[in-house]
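**Student:** What follows is a single structure, and I will ask about it in a moment.
Structure below.
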């Protein structure tokens, strides 16, 4: 650890993802000030060496960098904006990194708002789940200007694999595309398994045969197994997957873009959730395809 | 090489895939008799140590195993069946391995026909292309009975990674599922790239950001790059991809199975080919989605 790369970081939101991320930053030698609405969720970070503070502004006021890992766009807005908001509390020339998954338009609006306070803004949503947060192996999709990205890249490398995707909002856009690909891939693998089962092949052996070929994917290996074993303990609940595909479709709609396969898969998730399977893992989409083919 | 595993093998069809496969079997120490309709295509195998014969029956008559790597179901039928067919020429208790991609029903019918001649039958189509054939790294999807599979598994291991998927026809069924997943994955990655491009992100950086996450796949890495670079030199021509998805849809139809995503992607390939893009690589499906969104 060199002193030149040691930063004072405000960390807002220490839930399932935020807590292990903040802990990694502390262990990397940074001075981390943590705030969480439910303070008890931040307590474990004190033993690691983080400072627990009483309000978001306190976490922000003396920090070079503020990281936000809250649950949704409106919650982010509530903390960032408004009369006692984070943006007002932050020092000019500090950097705000929003790592929550929020709508593209919300990220773009927040970036504009940040600029009026001379705050650098990056949207940097992640993929990889709790284990990725613990291991520091998250896929981190970053939107914002290049200079701001370069200035904090070393911090993000502590949390995973940051890739700069484009201007503000692009990180969130990449996350949407990620979720869209996941949904379509689950539908695709489900249809292949159904074809194998009904056609008289052993679907588990079929998946094994396909590994390593052009049809191979993370979804084939992980979610394909879940479908065959009918193990639908989430993982990622179908209701969240549906929320993501809905958000992607709404954004495509704003662009005047018709994406026929994604539109169809979105409607399949809508039916799945309507049938009461929203709490099941998103691989449960195969149940909807089976109901469709009784 | 032990003498107990050395076999006399008839090899029928030494095209782009068949020639390097036959060469691997020769180099593994087996006695290989090769026949090809255009004899000159088999010539290079003579220098490796294969015996070139004048007709399929000669390749079959003294062989323990006959491997067929011809271009289509009807061509296979023509060589296998009929008055001077391979099945009549083969010794009882020999094994016929059809490694061509042919319809499931054709494989099942051939298996029944083979049984009447006391011939063991396996359908064992491959995925992995010419390079996989040269390297011996083909994905090999095998249908047939377990005893017959076990008896020739060591031969197939010389060619790649054989997986026994179920009874006769199951290998071809797995291959269909493989092609269906490939088609749907190409459509999915194309839609994600379109969303990124139109939404103002850098699609190449987006693909880089998605690698290693749940959205990762062979298609994302290989065909995603082709789409961004608009490099549509095949690879696998779209007209063949369309033939495969059509075959898959016809088979699903026979089972009374409605696979909505695959049906939609099949219709997208139909339009792509109708627009004159049949000779382009199957990743050119993004062109159809772009025309759809002018």
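Protein chains in written order, with the working numbering: chain A, 47 to 340; chain B, 47 to 340. Quick reminder that beta carbons are idealized off the backbone N, C-alpha and C, glycines included. Just so we're clear, the structure is a prediction, and the values are computed from it rather than from any experiment.
(1) Assign residue 173/A to one of three DSSP states: helix, strand, or coil.
(2) So if DSSP puts residue 97/A in a beta bridge, which residue, or which two residues, is it bridged to?
(3) When the Cα atoms are used, what is the spatial distance from residue 312/B to residue 201/A?
(4) What residues in the region 239-252 of chain A have a beta carbon less than 7 Å from any beta carbon of chain B?
(5) Compare the beta carbon distance of residue 307/B and residue 248/B with 7 Å and say whether it is the shorter of the two.
(6) In terms of residue numbering, what span does the beta strand (DSSP E) encompassing residue 56/B cover?
(7) Does the CB of residue 258/A have a neighbour CB from chain B at under 7 Å?
(8) Are residue 210/B and residue 188/B closer than 7 Å when you measure CB to CB?
(9) Quick check on the burial criterion: 16 or more other C-beta atoms within 10 angstroms. Buried or exposed for residue 337/B?
(10) Run through DSSP, which three-state label would residue 328/B get?
(11) With distances taken between CB atoms, is the gap from residue 345/B to residue 260/A smaller than 7 Å?
(12) In this structure, does DSSP put residue 145/B in helix, strand or coil?
(13) When you compare each of 218/B, 288/B, 109/B to residue 43/B by their alpha carbons, which one comes out closest?
(14) When you compare only the Cα positions, how much space is there between residue 300/A and residue 167/B?
(15) Near residue 362/B, which residues of its chain fall below 7 Å by C-beta distance, leaving aside the five closest residues on each side in sequence?
(16) Looking only at its own chain, which residues have a Cβ that is under 8 Å from the Cβ of residue 314/A, when we skip the five neighbours before and after it?
(17) From the DSSP output, in three-state form, read off residue 62/A for me.
(18) For residue 324/B, which residues from the same chain have a beta carbon less than 6 Å from its beta carbon, with the 5 sequence-adjacent residues on both sides left out?
(19) Can you tell me whether residue 62/A is buried or exposed? The criterion is at least 16 other CB atoms within 10 Å of its CB, across all chains shown.
(20) According to the neighbour-count rule (16 or more other Cβ atoms, all chains shown, within 10 Å of its Cβ), is residue 268/A buried or exposed?
(21) Specify whether the region 176-183 of chain B and the region 152-168 of chain B touch according to this definition: at least 3 beta carbon pairs, one from each stretch, less than 8 Å apart.
(22) Since residue 234/B meets chain A, which of its residues come closer than 8 Å, beta carbon to beta carbon?
(23) Out of curiosity, what's the CA-to-CA distance linking residue 70/B and residue 204/B?
(24) Taking C-beta pairs closer than 7 Å, name the residues in chain B that residue 339/A reaches, listed in chain order.
(25) Name, going along the chain, the residues of the region 258-278 of chain A whose beta-carbon falls closer than 9 Å to a beta-carbon of chain B.
(26) Of the residues that make up the region 207-220 of chain A, which ones have a beta carbon closer than 9 Å to any beta carbon in chain E?
(27) Indicate the three-state DSSP secondary structure (helix, strand or coil) for residue 298/B in the structure shown.
(28) Would you kindly work out how many angstroms separate the C-alpha atoms of residue 99/A and residue 76/A, rounded to a whole number?
(29) Under 7 Å between C-beta atoms, does residue 284/B make it to chain A?
(30) I'd like to know whether the C-beta of residue 90/A is nearer than 7 Å to at least one C-beta of chain B.
(31) Report the option in 133/B, 302/B, 277/B whose CA atom is closest to the CA atom of residue 157/B.
(32) Decide if residue 52/B is buried, meaning its Cβ has at least 16 other Cβ atoms within 10 Å, or exposed.
(33) Give the DSSP-derived three-state secondary structure of residue 263/B in the structure shown.
(34) Note down the Cα distance separating residue 214/A from residue 125/A, rounded to an integer number of angstroms.
(35) DSSP three-state call for residue 121/B: helix, strand or coil?
(36) Quick check on the DSSP output: the alpha helix (DSSP H) that includes residue 252/A runs from which residue to which?
**Tutor:** Taking the definition as stated:
(1) In the first chain, the residue the question calls residue 173/A occupies position 127. Three-state DSSP puts residue 173/A in a strand.
(2) Working through the first chain from its first residue, we reach residue 97/A at position 51. Looking at the DSSP output, residue 97/A shares a beta bridge with 79/A.
(3) Reading the second chain from its first residue, position 266 is the one you call residue 312/B. Reading the first chain from its first residue, position 155 is the one you call residue 201/A. Approximately 45 Å, taken between the alpha carbons.
(4) So the close ones are 240, 241, 242, 244, 245, 246, 247, 248, 251, 252.
(5) Taking the first residue of the second chain as 1, we reach residue 307/B at position 261. Taking the first residue of the second chain as 1, we reach residue 248/B at position 202. No, these two residues do not count as a Cβ contact at 7 Å.
(6) Here residue 56/B refers to the residue found at position 10 when the second chain is read from its first residue. For residue 56/B, the uninterrupted beta strand (DSSP E) segment begins and ends at 54-58.
(7) For the purposes of this step, residue 258/A is identified with residue 212 of the first chain, where counting begins at 1. At a cut-off of 7 Å between beta carbons, residue 258/A contacts chain B.
(8) Along the second chain, one-based indexing puts residue 210/B at 164. Along the second chain, one-based indexing puts residue 188/B at 142. Yes, these two residues count as a Cβ contact at 7 Å.
(9) For the purposes of this step, residue 337/B is taken as residue 291 along the second chain, with counting starting at 1. Taking a 10 Å sphere around the C-beta of residue 337/B, we find fewer than 16 other C-beta atoms and assign the residue as exposed.
(10) Counted from its first residue, the second chain places residue 328/B at position 282. Reduced to three states, the DSSP call for residue 328/B is helix.
(11) Residue coverage of chain B in this structure runs from 47 to 340, which leaves residue 345/B outside it and unanswerable.
(12) Position 99 of the second chain holds residue 145/B. Judged by DSSP in its simplified three-state form, residue 145/B adopts coil rather than helix or strand.
(13) With chain B covering 47 to 340 only, the question about residue 43/B has no answer from this structure.
(14) As a working mapping, residue 300/A is identified with position 254 in the first chain. As a working mapping, residue 167/B is identified with position 121 in the second chain. Between residue 300/A and residue 167/B, the C-alpha separation is close to 56 Å.
(15) Summary: the structure shown does not reach residue 362/B, with chain B confined to residues 47 through 340, and so no result is reported for it.
(16) The residue you call residue 314/A lines up with position 268 of the first chain. 233, 331, 334, 335.
(17) Looking up residue 62/A in the first chain gives position 16. Assignment of residue 62/A by DSSP, reduced to helix, strand and coil, places it in the coil class.
(18) Indexing the second chain from 1 puts residue 324/B at position 278. Cβ-Cβ distances below 6 Å link residue 324/B to 284, 285 in the same chain, with the five nearest sequence neighbours on each side left out; the list follows chain order.
(19) Counting from one through the first chain, the residue named residue 62/A turns up at place 16. By the C-beta density criterion, residue 62/A is exposed, having fewer than 16 other C-beta atoms within 10 angstroms.
(20) Working through the first chain from its first residue, we reach residue 268/A at position 222. Counting the other Cβ atoms within 10 Å of the Cβ of residue 268/A gives fewer than 16, which makes it exposed.
(21) Output reads no: the region 152-168 of chain B does not touch the region 176-183 of chain B.
(22) As a working mapping, residue 234/B is identified with position 188 in the second chain. Within 8 Å Cβ-Cβ: 226, 227, 230, 231, 234, 307, 308.
(23) In the second chain, the residue the question calls residue 70/B occupies position 24. In the second chain, the residue the question calls residue 204/B occupies position 158. Each residue's alpha carbon lies about 7 Å from the other.
(24) Residue numbering aside, residue 339/A sits at position 293 when the first chain is read from its first letter. Within chain B, the residues near residue 339/A are 303, 304.
(25) Within the region 258-278 of chain A, the qualifying residues are 258, 259, 260, 261, 262, 263, 264, 265, 266, 268, 269.
(26) The structure shown contains no chain E; the protein chains it does contain are A and B.
(27) If you number the second chain from 1, residue 298/B lands on position 252. DSSP places residue 298/B in helix when its eight states are reduced to three.
(28) The residue you call residue 99/A lines up with position 53 of the first chain. The residue you call residue 76/A lines up with position 30 of the first chain. Looking at the two C-alpha atoms, the distance is approximately 16 Å.
(29) The residue you call residue 284/B lines up with position 238 of the second chain. Contacts with chain A at 7 Å (Cβ-Cβ) do not include residue 284/B.
(30) Your numbering for residue 90/A matches position 44 in the first chain. Chain B, which has no Cβ nearer than 7 Å to the Cβ of residue 90/A, makes this no.
(31) Taking the second chain and counting its residues from 1, the one referred to as residue 157/B is at position 111. When each option's Cα is compared against that of residue 157/B, the closest is 133/B.
(32) Looking up residue 52/B in the second chain gives position 6. Exposed, since its Cβ has fewer than 16 Cβ neighbours within 10 Å.
(33) Indexing the second chain from 1 puts residue 263/B at position 217. Collapsing the DSSP output to three states places residue 263/B in a strand.
(34) The residue you call residue 214/A lines up with position 168 of the first chain. The residue you call residue 125/A lines up with position 79 of the first chain. The straight-line gap from Cα to Cα measures roughly 19 Å.
(35) Looking up residue 121/B in the second chain gives position 75. In this structure, residue 121/B counts as helix in the three-state DSSP scheme.
(36) Residue mapping note: residue 252/A aligns to position 206 of the first chain, counting from 1. Taken as a continuous stretch (DSSP letters only), the alpha helix (DSSP H) holding residue 252/A covers 249-256.
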